[in-house]
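Below is one structure, written out as structure tokens, with a few remarks after it.
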Amino acid sequence: SAPYADTTDSDEGRVYVVPPSSEASSLEDAASLVIDGLHGGALFGSALAVGNLDDAGTDDLAIGAVGRNVYGARTGAVSVFLNLNDDDGDRDGDDADVVILGTEAAQAAGASIHLGQLDDDPEDELLVGATGGLSSRGGGGMVAVFRSLPSSESDLGDADHRLYSPDGGGELGADVAVAA
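Using this note's numbering, you'd call the opening residue of the sequence shown number 74 and step up by one each time.
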């Protein structure tokens, strides 16, 4: 990913999907799929995760954009592209199957993302870090856990579980992972 890539605007961000069979020497030639951010400063591609969110047997891609402005600067968002096909050409953030937005300015939703198994079902769970957390809880960061894929547009408030930092400067959610 290149979150500071200048496509149509400064720091819009860009994600390149390169198949393992590619032998091209330049990224532009090697990429079978290129996905651009939505606006300048979005930092689209600030975090990435690949897994199986819908049990379709194909890779799904989650892309963080900590600078996405929805409710003010750095609300953040995660765009999920289901059933990723390496031959899809060019897309942008509007083409996502699911978008999970932050709920307030400076939340920085999508600072980190992880797809992994927390239970015995075949679908991965989605963990989203938001280093700005909620201002009503001190703004120390949070991690949102989605046990199933949310509807086409949702926000961190729709998560099945939300973990908040007890510390106003903690930046909980800077990285998230699931132990194997």
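All C-beta atoms in this analysis are idealised placements derived from N, C-alpha and C, irrespective of residue type, glycine included.
In this structure, the CA atom of Arg220 is about 19 angstroms from the CA atom of Ala120.
Residue state for Ser224 is assigned as coil, using DSSP reduced to three classes.
The count of Cβ pairs closer than 8 angstroms, one atom from the segment 99-112 and one from the segment 122-130, stays below three, leaving the stretches out of contact.
For the pair of segments examined, the segment 160-172 was found not to touch the segment 185-196: the number of CB pairs separated by less than 8 angstroms stays below three.
When secondary structure is reduced to three states using DSSP, Arg235 falls in the strand class. For secondary structure counted as the beta strand (DSSP E) over 3 or more consecutive residues, the segment 74-153 holds these complete runs in sequence order: 87-90, 106-109, 117-124, 133-138. Of the other Cβ atoms in all chains shown, 16 or more fall within 10 Å of the Cβ of Thr204; this residue is therefore buried. With 16 or more neighbouring CB atoms inside 10 Å of its own CB, Ala182 falls in the buried class. Taking a 10 Å sphere around the C-beta of Ser238, we find 16 or more other C-beta atoms and assign the residue as buried. Asp165: member of the beta strand (DSSP E) spanning 162-165, first to last residue.
Leu106 places its beta carbon less than 9 angstroms from that of Leu157.
In terms of Cα proximity to Asp197, the closest of Pro223, Ala184, Gly175 is Pro223. Assigned with DSSP and collapsed to three states, Leu229 falls in helix.
Going by C-alpha positions, Gly145 is about 4 angstroms away from Ala178. Annotation: the continuous beta strand (DSSP E) that includes Leu199 extends over 198-203. Taking Ala97 as the centre and dropping the five residues before and after it, the same chain places the C-beta of Ala103 closer than 8 angstroms to its C-beta, in chain order.
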